[in-house]
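Student: One line per chain: the protein sequences are A and B, in this order.
Residue numbering for the first sequence follows the working numbering, beginning at 1 and increasing consecutively.
Residue numbering for the second sequence follows the working numbering, beginning at 1001 and increasing consecutively.
No residue lacks a Cβ here, since even glycine has one placed at the ideal position from N, Cα and C.
There are 2 protein chains.
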Amino acid sequence: MSKSKRLLELMMTVNRKRKFTVKELAMEFGVSTRTMLRDLQELSELGVPLYSEVGPHGGYQVLKERILPPIAFSEEEAAALFFAVYALRHYSSLPFEAESASALDKFYLHMSGDVRDRIDEMKNRVDFVTPTRQQESPYLSILLEAAVQQKVLLIQYEPRGEEAGRKIQPIGIYANNGLWFCPAYCFLRKDFRIFRCDRIQSAAYDVDGTEPMDLRHVHLENKELVFQKEKESTQLYAELSRKGVQMCEAVLWLGSHLNIREDGTGWLEGPIPQSDLAFYARFFIGLGNEATVKHPTELIDYIKRLFKEIMSNYE
Amino acid sequence: MSKSKRLLELMMTVNRKRKFTVKELAMEFGVSTRTMLRDLQELSELGVPLYSEVGPHGGYQVLKERILPPIAFSEEEAAALFFAVYALRHYSSLPFEAESASALDKFYLHMSGDVRDRIDEMKNRVDFVTPTRQQESPYLSILLEAAVQQKVLLIQYEPRGEEAGRKIQPIGIYANNGLWFCPAYCFLRKDFRIFRCDRIQSAAYDVDGTEPMDLRHVHLENKELVFQKEKESTQLYAELSRKGVQMCEAVLWLGSHLNIREDGTGWLEGPIPQSDLAFYARFFIGLGNEATVKHPTELIDYIKRLFKEIMSNYE
DNA sequence: GATAATAGTGACAAGAGTTGTCACGAAATA
DNA sequence: TATTTCGTGACAACTCTTGTCACTATTATC
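This is the structure:
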């Protein structure tokens, strides 16, 4: 095997083992220990963060910042990755912000000028619109880390309550409409809650040794399982004019509830949680006379009541 | 210079020049032509798509699919790129879909098992919520390409009109709320228009030789310049209760218009286009009694009129 | 059809880089 | 103190890389 190939394989082996002795690797690769020592020194010069200790139980170790063996990407693949990172640029906070920037820098460095120009040109011609928010969410990384590693965090949430801090175990994080949310088990409330990440004032790993829950099989795709089912739900039915249909299509957090007839009109039908009545009332008022609620009567009453209140503002 | 370094540099030089002769490069790198020939053959074996022609004006060429020299990323950087690509997974259509998948595959291939596990674990614990749309937008790539390269496209838009197809020159593409839009100059309407990408039935480069516009300095960040200014705008002023402020924060396409007082209440102030009055009327009705419009009177009248109409639905 | 420009191959020797062996040193551990 | 481990230097054997030279083949141009 040529030296360069051996170095690449060595790089992967070393990353996999994390801890090893020179003799061990020399045997594995079928070279002398002297050569292996020379190889390891070269890896070190190439940027692999190696650390060694002499003596029995000593040996080599790879420090945290492991690097992958060099990979050759095509121009198109590089453009695709640039595109993906650019797509997120409107978020005021992101996990991995620094890392993705440095990855793009590496690409940039290795690209010839015309590819660079092409990518720069693309940057201004593709965009993902996201509401720009002032709120920063500085603890995304630790929340995500804790979710992946099943760790308990001690956070400070919304200072107004003056609470001493609460322990949570995150399930994950997600962004919706420019804001970050963190569903987690809350040891204070002894239940699952959703936290707004920008309202988390501080976050650190818990040091009291609180026993973490086993949430390995709970993640974002199935988190509904552990969150309280909306206790009571009621059946909605509302007629929509053609324009009403279009307006509902545009909002579309109701997704499955929307039905469309051939002539363009349609109706909304499906269960809605009792607790969201206020929200739906406002929504239907917003739709104006393009929608008419037929069911449930509670919602109709709510709408009427809201109407009276609002009217008084404009009399 | 060691051979491996020379090969890396050669890779970049070759990508930059696109077309060159063996002698030329041999001189530049200070090696014999024989060596350069051997080097080029090696590059070829490494995957650089080289093509050569003998004879005067012959020489080497790099074919379209250029590959970048191999780059060593850290584990964290790889995770960051995975994260960015995952973030977009809820889009039913994306430009570069295949390319980013193949880039991730390359990473995957070169990662040791535990990093793979870590990244898989992360995948289910971070998410960007985007309304899932059924509508596919299959022509994103060509639209973007045309925008970058200032080309004219012949598209078929919304079949209902039975129109023969129209020529457009895209400025770029952007996604908003799960849907793709393409602002472009429309040669049919002789003006700038915004197209919904999912309603584009077909797209191909124009072959009639329509002279493209010079839109090099028009891109997404400044596209407002070429789109018709909203002719008349009027000054909005509305008082908000504390809850009203929160609701406006949540919607926040009004962004800059929102002002907040120390006690949590606030007001909306700023110019709004006359033509959007209907939209704002609905919006404020939706806010209910958490907002009171003081200005302009047209808007207040509109709201009242709308009210009466809606009320009649629920009497 | 001759000429020049270009890629491409094979052989070989000089030179540069790589490897293994050996001798030895230094640090940590039991 | 013996053992385990990393680490270094020297050197010979070996392997790879490079340049030179001789030669072939193709194509454009005069």
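Using the three-state DSSP reduction, which class does B:Gln-1150 fall into: helix, strand or coil?
Tutor: Translated into the one-based positions of the second sequence, residue 1150 of chain B becomes position 150. Coil.
Student: Could you confirm whether any beta carbon from chain B is found closer than 8 Å to the beta carbon of A:Lys-294?
Tutor: Counting from one through the first sequence, the residue named residue 294 of chain A turns up at place 294. With 8 Å as the cut-off, A:Lys-294 does not count as an interface residue toward chain B.
Student: Quick test of your reading: A:Ser-74 and B:Arg-1066, contact by CB under 8 Å. State the CB separation rounded to the nearest angstrom.
Tutor: What you label residue 74 of chain A is simply residue 74 of the first sequence in a count that begins at 1. What you label residue 1066 of chain B is simply residue 66 of the second sequence in a count that begins at 1. In this structure, A:Ser-74 and B:Arg-1066 form a Cβ contact; the two beta carbons are roughly 7 Å apart against a cut-off of 8 Å.
Student: Tell me whether B:Tyr-1185 sits in a helix, a strand or coil according to DSSP, three-state version.
Tutor: Your numbering for residue 1185 of chain B matches position 185 in the second sequence. Strand at B:Tyr-1185.
Student: Report all residues from its chain with a CB closer than 7 Å to the CB of B:Gly-1047; omit the five preceding and five following residues, and keep chain order.
Tutor: What you label residue 1047 of chain B is simply residue 47 of the second sequence in a count that begins at 1. Counting only Cβ-Cβ distances below 7 Å, and skipping sequence neighbours, we find Ile-1067.
Student: State the CB to CB distance for the pair B:Val-1148 and A:Arg-125, rounded to an integer number of angstroms; the pair is presumed to be in contact (CB under 8 Å).
Tutor: Taking the first residue of the second sequence as 1, we reach residue 1148 of chain B at position 148. Taking the first residue of the first sequence as 1, we reach residue 125 of chain A at position 125. Sure, about 6 Å apart at Cβ, within 8 Å.
Student: Listing by chain order, which chain B residues have their CB less than 7 Å from the CB of A:Ser-137?
Tutor: Within the first sequence, the letter at position 137 stands for residue 137 of chain A. Here the premise fails: no neighbours, minimum Cβ distance about 13 Å.
Student: What does the Cβ neighbour count give for A:Gln-201, buried or exposed, with the cut at 16 atoms within 10 Å?
Tutor: Residue numbering aside, residue 201 of chain A sits at position 201 when the first sequence is read from its first letter. Burial call: exposed.
Student: Measure how close the beta-carbons of B:Glu-1077 and A:Ala-103 come, nearest whole angstrom, since I'm counting them as under 8 Å.
Tutor: As a working mapping, residue 1077 of chain B is identified with position 77 in the second sequence. As a working mapping, residue 103 of chain A is identified with position 103 in the first sequence. Indeed, because the Cβ distance is near 4 Å, the residues count as touching under 8 Å.
Student: Using 8 Å for Cβ pairs, my map puts B:Glu-1309 next to A:Asn-289. What's the rounded Cβ distance?
Tutor: In the second sequence, the residue the question calls residue 1309 of chain B occupies position 309. In the first sequence, the residue the question calls residue 289 of chain A occupies position 289. The Cβ separation is near 5 Å, so the contact holds.
Student: Checking 8 Å against the spacing of the C-beta atoms, do B:Val-1062 and B:Arg-1006 come in under that value?
Tutor: Residue mapping note: residue 1062 of chain B aligns to position 62 of the second sequence, counting from 1. Residue mapping note: residue 1006 of chain B aligns to position 6 of the second sequence, counting from 1. No, these two residues do not count as a Cβ contact at 8 Å.
Student: Residues of chain A with a CB under 7 Å from the CB of B:Asn-1176: which are they?
Tutor: Within the second sequence, numbered from 1, the residue matching residue 1176 of chain B stands at position 176. Simply Val-129.
Student: Using CA atoms only, rank isn't needed, just tell me which of B:Leu-1299, B:Pro-1296, B:Glu-1298, B:Arg-1282 is closest to A:Phe-307.
Tutor: One-based indexing of the first sequence puts residue 307 of chain A at position 307. Among B:Leu-1299, B:Pro-1296, B:Glu-1298, B:Arg-1282, the Cα nearest to that of A:Phe-307 is on B:Arg-1282.
Student: Taking one C-beta from the segment 49-60 of chain A and one from the segment 1034-1051 of chain B each time, how about it: are there three or more such pairs within less than 8 Å?
Tutor: Using a C-beta cut-off of 8 Å, the segment 49-60 of chain A makes no contact with the segment 1034-1051 of chain B, since fewer than three inter-stretch Cβ pairs fall below that distance.
Student: By DSSP's criteria, A:Gly-266 is part of a beta bridge. Which residues make up the other side?
Tutor: Taking the first residue of the first sequence as 1, we reach residue 266 of chain A at position 266. Looking at the DSSP assignment, A:Gly-266 forms a beta bridge with A:Leu-240, A:Ile-260.
Student: Determine the chain A residues that contact B:Ala-1026 at a beta-carbon separation under 7 Å, and present them in chain order.
Tutor: The count along the second sequence starts at 1 and reaches residue 1026 of chain B at position 26. Those within 7 Å of B:Ala-1026 in chain A number zero; the least Cβ separation is about 20 Å.
Student: Find the nearest neighbour of A:Tyr-139 within the set A:His-57, A:Asp-120, A:Tyr-174, judged by alpha-carbon distance.
Tutor: The residue labelled residue 139 of chain A in the question sits at position 139 within the first sequence. If we check each option's Cα against that of A:Tyr-139, A:Tyr-174 comes out closest.
Student: Given that A:Ser-112 touches chain B, what residues does it touch there, using C-beta distances under 8 Å?
Tutor: For the purposes of this step, residue 112 of chain A is taken as residue 112 along the first sequence, with counting starting at 1. By Cβ distance, chain B contributes Met-1012, Asn-1015, Arg-1016.
Student: Over the uninterrupted alpha helix (DSSP H) stretch that includes B:Leu-1050, give me the two end residues.
Tutor: Counted from its first residue, the second sequence places residue 1050 of chain B at position 50. No alpha helix (DSSP H) contains B:Leu-1050, which is instead part of the beta strand (DSSP E) from 1050-1053.
Student: For the segment 1058-1086 of chain B, which residues have a beta carbon sitting closer than 7 Å to at least one beta carbon of chain A?
Tutor: Glu-1065, Arg-1066, Ile-1067, Leu-1068, Pro-1069, Pro-1070, Ile-1071, Ala-1072, Phe-1073, Ser-1074, Glu-1075, Glu-1076, Glu-1077, Ala-1078, Ala-1079, Ala-1080, Leu-1081, Phe-1083, Ala-1084, Val-1085
Student: Take A:Glu-269 and list the residues in its own chain whose beta-carbon comes closer than 7 Å to its own, dropping the five residues that flank it on each side.
Tutor: On the first sequence, residue 269 of chain A is found 269 positions in, with the first residue counted as 1. Cβ within range, chain order: Leu-236, Tyr-237, His-257, Asn-259.
Student: Mind checking the segment 1114-1128 of chain B against chain A and listing, in chain order, the residues whose C-beta falls within less than 8 Å of any C-beta there?
Tutor: Residues of the segment 1114-1128 of chain B that bring their beta carbon within less than 8 Å of a beta carbon in chain A comprise Asp-1114, Val-1115, Arg-1118, Glu-1121, Met-1122, Asn-1124, Arg-1125, Val-1126, Asp-1127, Phe-1128, in sequence order.
Student: Note down the Cα distance separating A:Asp-191 from A:Asn-176, rounded to an integer number of angstroms.
Tutor: Residue mapping note: residue 191 of chain A aligns to position 191 of the first sequence, counting from 1. Residue mapping note: residue 176 of chain A aligns to position 176 of the first sequence, counting from 1. Spanning the two alpha carbons is a distance of roughly 22 Å.
Student: Would you tell me roughly how many angstroms separate the C-alpha atoms of A:Ala-316 and A:Ser-141, rounded to the nearest one?
Tutor: Beyond the ends of chain A as shown, which are 1 and 315, falls residue 316 of chain A; an answer cannot be given.
Student: In angstroms, rounded to a whole number, what distance separates the CA positions of A:Tyr-302 and A:Arg-242?
Tutor: For the purposes of this step, residue 302 of chain A is taken as the residue at position 302 of the first sequence. For the purposes of this step, residue 242 of chain A is taken as the residue at position 242 of the first sequence. The straight-line gap from Cα to Cα measures roughly 25 Å.
Student: Using a Cβ cut-off of 8 Å, pull out every chain A residue sitting near B:Val-1148, in sequence order please.
Tutor: Position 148 of the second sequence, counted from the start, is the residue given in the question as residue 1148 of chain B. The contacting residues are Arg-118, Glu-121, Met-122, Arg-125.
Student: With which residues is A:Tyr-20 paired in a DSSP beta bridge?
Tutor: By one-based count along the first sequence, residue 20 of chain A stands at place 20. Rather than Tyr, the amino acid found at residue 20 of chain A in this sequence is Phe. A:Phe-20 pairs with A:Tyr-60.
Student: When you compare the CB of A:Glu-221 with every CB in chain B, is at least one pair closer than 8 Å?
Tutor: As a first step, residue 221 of chain A is located in the first sequence; it is residue number 221 there, counting from the start. So yes, A:Glu-221 belongs to the interface.
Student: At 8 Å on the CB atoms, spell out the chain B contacts of A:Gly-266, in chain order.
Tutor: As a position in the first sequence, residue 266 of chain A is number 266, starting the count at 1. Those do not exist, as A:Gly-266 stays about 15 Å from chain B at its closest Cβ, beyond 8 Å.
Student: Strictly below 8 Å CB to CB, what residues from chain A border B:Ala-1103?
Tutor: On the second sequence, residue 1103 of chain B is found 103 positions in, with the first residue counted as 1. Neighbours of B:Ala-1103 on chain A, chain order: Phe-73, Glu-77, Ala-78, Ala-80, Leu-81.
Student: Where does the unbroken beta strand (DSSP E) through A:Lys-167 begin, and where does it stop?
Tutor: The residue given as residue 167 of chain A occupies position 167 in the first sequence. 166-170 is the span of the beta strand (DSSP E), which, as asked, contains A:Lys-167.
Student: What is the rounded straight-line gap between the Cα of A:Gly-172 and the Cα of A:Phe-279?
Tutor: By one-based count along the first sequence, residue 172 of chain A stands at place 172. By one-based count along the first sequence, residue 279 of chain A stands at place 279. Rounded to whole angstroms, A:Gly-172 to A:Phe-279 spans 26 Å at the Cα level.
Student: From the beta carbon of A:Lys-190, is the nearest beta carbon of chain B less than 8 Å away?
Tutor: Taking the first residue of the first sequence as 1, we reach residue 190 of chain A at position 190. No, A:Lys-190 lies away from the interface with chain B (no Cβ there is under 8 Å from its Cβ).
Student: How far does the beta strand (DSSP E) with B:Thr-1210 in it reach, from first residue to last?
Tutor: Translated into positions along the second sequence, residue 1210 of chain B becomes position 210. Unbroken run through B:Thr-1210: none, as it is neither H nor E.
Student: Is DSSP giving A:Lys-316 helix, strand or coil here?
Tutor: What is shown of chain A runs 1 to 315, which leaves residue 316 of chain A out entirely.
Student: Could you have a look at A:Asn-176 and say whether DSSP puts it in helix, strand or coil?
Tutor: Within the first sequence, residue 176 of chain A is the residue found at index 176, counting from 1. It is a strand residue.
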